[in-house]
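In this note's numbering, the protein residues as written are 725 to 1007.
Positions of the beta carbon are idealized from the N, C-alpha and C atoms, including for glycine.
A short worksheet on the structure shown next.
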Amino acid sequence: MLELDGIAADSLVDMIKLSFSCENWPAVIEVSDKLFEVIAITYETSHNIIGMSPKPYLNRSIAYYFGYSLLMKGVGHQKTGQYAEARRCINQYKDLSWIKHLDEEGYAEAAFFKEMAVANGYVIELLEGNSGVLQEYVRFLQTLTKKEVLNGLLTVLESAIKYNYSIDWVLELFEDQIEEISSKEKREDVRSYVDYKYLLATYLYRRNNMTDALNGILDILQICSKLEDEAGFRKSVAFYELIRNRATDSQQEMYQRIIKNILEREFFYDEEDILVADDAVVT
């Protein structure tokens, strides 16, 4: 259990975001519960005393904190496979009209979470194997930013891999957008892109498209090597070794070249460390 007493709402939001980035789903759920508790007390106290929204004491509208706490708790349950619990959260934040004295910003926040509830309802359906909602979900993805599309495609790939159905038409539809993302990748955004490439390689492997699956893994190895993403690199090496007997000669050569470059770079860094240590002794 985390010690969360006395932490303000906006600080709890920051803790949820940090836990999410670390993929610490139990913490996401726990801190989201605490945020809901804190904002509920703030809301009730404010109405009992002055009969108005507590907006002056918060960075965002009260609707944001209610919606965000429920949404992120739902995400935590989704990521741990607790789909019934995730759906209960979705049913709660899809309608925030019960909040009194909402201003224009508050109504906009409530509308946003209602829209997110629809989208995340599709996510749960897909993760439970209901591919019948795929076309509706794809139409929703087409309204989003490129980064949001990328995160949505992770769900589509995860569902297709788990339940063994084709999503070739979806991948083709978003091919240009993903290509643009790959050419403009930023270090802080690379995790989603690496996850996408890894799931795509897994999907292609399951569809018996070994050439493209291996090319995808080689791309990930190069990205992870450049950005020093050890977790992604280890996972990709394991995947490559699993199917390396299906690799072409040119793919084998590229793999060896990537590994050799990493080893040479590590040796160079070790040599630098020794020189620095020697200089320190001489000084």
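For this session: Alpha carbon to alpha carbon, how far is threonine 766 from proline 778? Give it in angstroms, no decimals.
Result: Any answer about proline 778 is weak, because its pLDDT of 49 lies below 50 and its placement is not dependable; what the coordinates show is given next. Distance between the alpha carbons of proline 778 and threonine 766: 7 Å.
Exercise. Can isoleucine 891 and valine 880 be called in contact, C-beta distance under 8 Å?
Worked result: yes
For this session: Grab me the residues of glutamine 816's own chain with a C-beta within less than 7 Å of its C-beta, minus the 5 sequence neighbours each way, in chain order.
Result: Leu794
For this session: Would you mind stating whether leucine 938 and alanine 971 have Cβ atoms separated by less than 8 Å?
Result: yes
Exercise. So, helix, strand or coil for isoleucine 941, using DSSP?
Worked result: helix
Exercise. Which of helix, strand or coil does DSSP assign to tyrosine 979?
Worked result: helix
Problem set entry | Straight-line Cα distance separating threonine 769 from lysine 803 | 34 Å
Exercise. Serine 883 to tyrosine 861, Cα distance in whole Å?
Worked result: 12 Å
Problem set entry | Closest Cα partner of aspartate 919 within the set Leu877, Lys950 and Glu903 | Leu877
Exercise. Within the present structure, is the beta-carbon of glycine 791 separated from the nearest heavy atom of the ligand ZN by less than 7 Å?
Worked result: The model depicted lacks the ligand ZN and carries no ligand whatsoever.
For this session: Would you mind sorting cysteine 948 into buried or exposed? The rule is 16 or more other CB atoms within 10 Å of its CB.
Result: buried
Exercise. Taking C-beta to C-beta, are arginine 811 and isoleucine 848 nearer than 8 Å?
Worked result: yes
Exercise. Is glutamine 1021 near leucine 942, with beta carbons less than 8 Å apart?
Worked result: Given that the chain is displayed from residue 725 to residue 1007, the structure contains no residue 1021 and the question cannot be resolved.
Exercise. So, do the stretch 755–763 and the stretch 783–791 have three or more beta carbon pairs nearer to each other than 8 Å?
Worked result: yes
Problem set entry | Integer-rounded CB distance, given that aspartate 953 should sit under 8 Å from valine 894 | Not really, about 26 Å apart at Cβ, beyond 8 Å.
Problem set entry | Nonlocal neighbours in the same chain, by C-beta distance under 6 Å from phenylalanine 744, ignoring five residues either side | Val752
For this session: State the DSSP-derived secondary structure class of glycine 805, mapped to helix, strand or coil.
Result: coil
Exercise. Would a C-beta distance cut-off of 8 Å place valine 755 and leucine 728 closer than the cut-off?
Worked result: yes
For this session: Reducing DSSP to helix, strand and coil, say where cysteine 948 ends up.
Result: helix
For this session: Check asparagine 783 in the structure and name its three-state DSSP category.
Result: coil
Exercise. For leucine 865, which of Asn854, Asn844, Gly856 and Lys959 has the nearest alpha-carbon?
Worked result: Asn844
Problem set entry | Beta-carbon proximity list for tryptophan 749, same chain, < 6 Å, skipping 5 on both sides | Gly800, Lys803 and Thr804
Exercise. Just how far apart, CA to CA, sit isoleucine 774 and glutamate 899?
Worked result: Here isoleucine 774 scores only 48 on pLDDT, less than 50, and its place in the model should not be relied on; the value that follows carries that caveat. Isoleucine 774 and glutamate 899: Cα-Cα distance of roughly 53 Å.
For this session: From the DSSP output, in three-state form, read off leucine 728 for me.
Result: coil
For this session: Please list, in chain order, all residues of the same chain as serine 821 whose beta carbon is under 7 Å from its beta carbon, the five residues on each side excluded.
Result: Ala834
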